[in-house]
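Some notes on the structure that comes next.
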Amino acid sequence: MSDSYYDSVGEEVPSDSFWEVGNYKRTVKRIDDGHRLCSDLMNCIHERARIEKGYAQQLTEWAKRWRQLVEKGPQYGTVEKAWHAFMSEAEKVSELHIEVKSALMNEDFEKIKNWQKEAFHKQIMGGFKETKEAEDGFRKAQKPWAKKLKEVEAAKKAYHVACKEEKLAVSRETNSKADPALNPEQLKKLQDKVDKSKQDVLKTREKYEKALKDLDNATPQYMENMEQVFEQCQQFEERRIRFFREVLLEVQKHLDLSTVPGYKNIYRELEQNIKAADTVEDLRWFRANHGPGMSMNWPQFEDWSADLNRTLSRREKKKAADGVTLTGISQTEPVPQHNKNSSVSSSEKNQSYSADWSDEETNNPFSSNDAPAETNPFDDDTPPTMEVRVRALYDYEGQELDELSFKTGEELTKIEDEDEQGWCKGRLDNGQVGLYPANYVEAIQ
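FYI, the numbering for the sequence shown is -13 to 431, going by my numbering.
As structure tokens, then:
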């Protein structure tokens, strides 16, 4: 220590050594930095948790939107299932990222927060107890040595001043000897000045050397005391570094989804669903449900049925279009026939077809609430007729809410021509509009 001290005392700029007076403050500041680093790490984890949550929400929204689009789209069969597997993957991965977010906040964030609270104790007057203890410890360890160092600096300064005075006195004496104007008394005074300055140099040098010796003797104890306080700070910092390393490893485990068995299973299942897509199976399904493989109620001769003509309302025709086939109709009392066509109409032909393929089928990939109503391409487009006054030939009691009721001889207005089922649309004189059998009335001449 003394050698290094002697090497450095002559420098104009003091060294940046830890042993210099006051340089221990960097070690003390490290304690405050440790508290700030805990807060920084918590903020870092909190931001990552927000990212995980946001990503999970985006995955869920994406999966929901595209699931609806695929369901309403034209894709069908096993490829549709494979496509849906991507939405299922997103939902499952979203759940995993929500778990990551929860682990980061509920475990890692809280762990750092609790450790920070336990490791750093705030004082009423501000600052931390640990910082003050380190500051007091270093100041106490350095105070005796710093005092002796101050004495050394003062002794050195006095010695250097004495040396300077001695040199100046010798210079004056030398110059006076060459000056014949000076008397012997003046020369003696100069000589006495030189002698006195030399004695001052010896005295100040002696004090300087003694101060240095005292400083050197105090240095080992100084170093020991400083080392002791520094080691305490090192131990405190060691706990923080070890804790940070432990927390960062836990964060890494929470973020590393590749080690989660469920994560691997998600993509194993996704791969299996994609590989399960069968081209032959999809084409076979489409042929059976929407192609030549569909069953067909081909037209056949049917006897006239009174009940069929009385009860086949507009509502039942809609039901037939939705996939309902009327069966089990028995003949009762004869009534006037109101179906001009003895053969099955195009709508009746499609009753069996509608029963096999309906928009309400759960396995129909084309089903959609937005799908337009089906129309028969073989129906003739019949332009609407002008209103015609007609007279009832028979009594008719409406069987449904959308049917008219009238008595024989009652007059009404026909507002639409007869449809393929033998029904007309008319309006009674009281303003009621509804359906009635076409052959129950005749036009008024």
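Cβ atoms here follow ideal geometry from the backbone N, Cα and C, with glycine treated the same way.
When C-beta atoms of the segment 19 to 36 are compared with those of the segment 211 to 230, three or more pairs fall below 8 Å, so the two segments count as touching. Closest by C-alpha distance to Gln258, out of Phe72, Ala274 and Phe392, is Phe72.
For Tyr422, there is no enclosing alpha helix (DSSP H); the enclosing beta strand (DSSP E) covers residues Val419 to Pro423. One alpha carbon belongs to Glu66, the other to Val56, and they sit about 7 Å apart.
The shortest C-alpha to C-alpha distance from Leu379 to any of Glu386, Met372, Gln385 and Thr394 is the one to Thr394. Considered as a whole, the segment 213 to 283 harbours 247 to 261 and 265 to 276 as its complete alpha helix (DSSP H) runs of no fewer than 4 residues, in chain order.
The Cβ-Cβ distance between Gly412 and Leu390 falls below 8 Å. For Ala120, the closest C-alpha among the options Val215, Lys39, Phe287 and Pro247 is that of Val215. The segment 88 to 96 makes contact with the segment 227 to 246; the number of CB pairs closer than 8 Å reaches 3 or more. Asp264 and Thr64 have their alpha carbons spaced roughly 6 Å apart.
Take the alpha-carbon of Glu152 and the one of Lys134: they are about 27 Å apart. Out of Asp202, Cys149 and Thr399, the CA that lies nearest to the CA of Lys179 is found in Cys149. Classified as exposed, Arg51 has fewer than 16 neighbouring CB atoms from the shown chains inside 10 Å of its CB. When DSSP reads this structure, Cys410 sits in a beta bridge with Tyr422.
If you ignore the 5 residues before and after Phe114, its C-beta comes within less than 8 Å of the C-beta of Ile17, Asp18, His21, Phe106, His107 and Lys108, all in its own chain and listed in chain order. DSSP places Phe72 within a helical segment (H, G or I) once states are collapsed to three.
Thr64 sits in a helix when the DSSP states are folded into three classes. The alpha-carbon separation between Val156 and His146 amounts to approximately 15 Å.
Uninterrupted alpha helix (DSSP H) stretches at least 4 residues long and entirely within the segment 93 to 138 occur at 96 to 105, given in chain order.
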